[in-house]
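Trainee: Take this structure first; my questions come after.
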Amino acid sequence: MSDTKGSSFMELRRGPWTLEEDSLLIHYIALHGEGRWNLLARCSGLKRTGKSCRLRWLNYLKPDVKRGNLSAEEQFMILELHSRWGNRWSRIAQHLPGRTDNEIKNYWRTRVQKQARQMKIDSNSSLFADAVRCFWMPRLLEKMAASSSSSSSLINQTSLPSSCSTAVTHDHHHQYQADETVNYQYSEGGFDDPAGSQLLFKSSSNSEMMNEIPNSASTCSFMDDDDELGTLLENSSFMDDDSSWLVDELWHVRKVHEWGGGTGI
DNA sequence: AATGCGAGCAACCGCGTTTGA
DNA sequence: TTCAAACGCGGTTGCTCGCAT
1 MSDTKGSSFM ELRRGPWTLE EDSLLIHYIA LHGEGRWNLL ARCSGLKRTG
51 KSCRLRWLNY LKPDVKRGNL SAEEQFMILE LHSRWGNRWS RIAQHLPGRT
101 DNEIKNYWRT RVQKQARQMK IDSNSSLFAD AVRCFWMPRL LEKMAASSSS
151 SSSLINQTSL PSSCSTAVTH DHHHQYQADE TVNYQYSEGG FDDPAGSQLL
201 FKSSSNSEMM NEIPNSASTC SFMDDDDELG TLLENSSFMD DDSSWLVDEL
251 WHVRKVHEWG GGTGI
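Heads up: the first sequence begins at 1 in UniProt numbering, then just goes up one per residue.
Listed below in structure tokens is the structure:
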């Protein structure tokens with residue numbers, strides 16, 4: 001079972017890869033292709049396990065791996081797909097070309113869970129899901145709208161109760177492939193419609209439009225009970241930047257959720 | 001300038017699944 | 001059908017770098 005058996009006589013390297021190791025790996029794969037990682041590890045001259053070689057290639061050296069910050073669209077996709085699939089990082093990564101499961105996992109842990117920690121709530125709770133859906137995702141949509149006047153390949157919609165939606169204006173209609181059977185669609189009307197609070201999916205198999213609200217049982221219901229707070233939140237900027245919300249305000253959300261008999265944490 | 005600390009990310013580890021002999 | 005090897009996924013660790021003191 002051990003990946004290192006058979007090469008136990010050889011001292012295996014660990015830790016950061018050197019340029020020489022990278023070029024060895026790239027060269028070997030150029031000649032022999034991907035796969036058979038243990039064979040590669042034995043034959044390439046690398047003193048690494050097959051696992052290590054595979055990881056290095058897939059997460060860093062592979063030509064189509066994107067580097068750099070995640071775009072608003074990519075962040076939106078991660079939030080949306082995670083709400084549907086949970087920690088299925090590789091599955092989520094399949095829908096973000098050039099991004100790896102490791103990168104997405106790191107994003108979730110360092111950025112998303114950080115927000116949950118600041119709010120002192122469980123990142124797996126419905127409350128946090130509400131906050132993401134009501135404040136973070138609309139903010140990303142705003143950013144996407146602002147930048148999409150140039151160009152955009154992705155887009156979406158989300159389940160935004162009218163009480164939660166911020167002023168989002170769009171001049172564009174976008175579409176992206178979400179998985180084998182579902183196309184996500186977003187159009188401007190979806191947000192302008194006061195009742196436009198649902199996630200719309202267009203089945204590619206039967207072309208029917210379907211309404212779906214992930215986590216619908218808890219979707220922002222707490223907002224309906226507090227118009228004053230709703231106004232406050234709508235008028236507020238909930239992220240100082242890409243990943244930092246105004247924690248004090250979100251703390252109020254938490255309190256309203258708890259006191260208002262919300263879905264709990 | 002030196003030190004401490006935290007965020008971000010690359011890499012490792014354990015384990016479940018798949019493959020093929 | 002069985003079993004060992006290989007593969008892939010998700011959780012965790014630890015290194016690096018930037019910022020604050």
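Just so it is clear, CB atoms sit at the ideal spot from N, CA and C, and this is done for glycine as well. None of these values were measured; they are calculated from a predicted model.
1) For H27, count neighbouring Cβ atoms within 10 angstroms of its own Cβ and tell me buried if that reaches 16, exposed if not.
2) Short check: CB of L79 to CB of M137, under 9 Å?
3) Taking 8 Å as the cut-off, does the region 53 to 70 touch the region 16 to 31 (at least 3 CB pairs, one atom from each stretch)?
4) Report the residue from S147, G68, D101 and R67 whose alpha carbon sits nearest the alpha carbon of R88.
5) For T18, which three-state DSSP category applies?
6) Round the Cβ separation of E11 and K47 to the nearest angstrom and send it over; I've been treating them as touching at under 8 Å.
7) DSSP three-state call for L246: helix, strand or coil?
8) Over the uninterrupted alpha helix (DSSP H) stretch that includes Q118, give me the two end residues.
9) Looking at S83 and residue 266, is the spacing between their C-beta atoms short of 9 Å?
10) With a 10 Å radius around its C-beta and 16 neighbouring C-beta atoms as the bar for buried, classify R36 as buried or exposed.
11) Buried or exposed, going by whether 16 or more other CB atoms sit within 10 Å of the CB of S39?
12) How many Å lie between V112 and P63 at the Cα?
Mentor: According to the data block:
1) H27 is exposed by the Cβ-count criterion.
2) Cβ distance < 9 Å, so L79 and M137 count as in contact.
3) Yes, they touch.
4) Residue D101 holds the alpha-carbon nearest to the alpha-carbon of R88 among S147, G68, D101 and R67.
5) Coil at T18, not helix or strand.
6) Between E11 and K47 a beta carbon distance of about 6 Å is seen, short of the 8 Å cut, so the two are scored as contacting.
7) Interpretation of L246 is limited by its pLDDT of 45, a score under 50 that renders its predicted location unreliable; the figure taken from the coordinates is listed afterwards. L246 falls in the coil class under three-state DSSP.
8) In the DSSP assignment, Q118 falls within the unbroken alpha helix (DSSP H) covering Q113 to M119.
9) As shown, the chain starts at 1 and ends at 265. That puts residue 266 outside it, with no answer to give.
10) Exposed.
11) Correcting the residue type first, residue 39 is Leu in the shown sequence and not Ser. Under this definition L39 is an exposed residue.
12) Looking at the two C-alpha atoms, the distance is approximately 28 Å.
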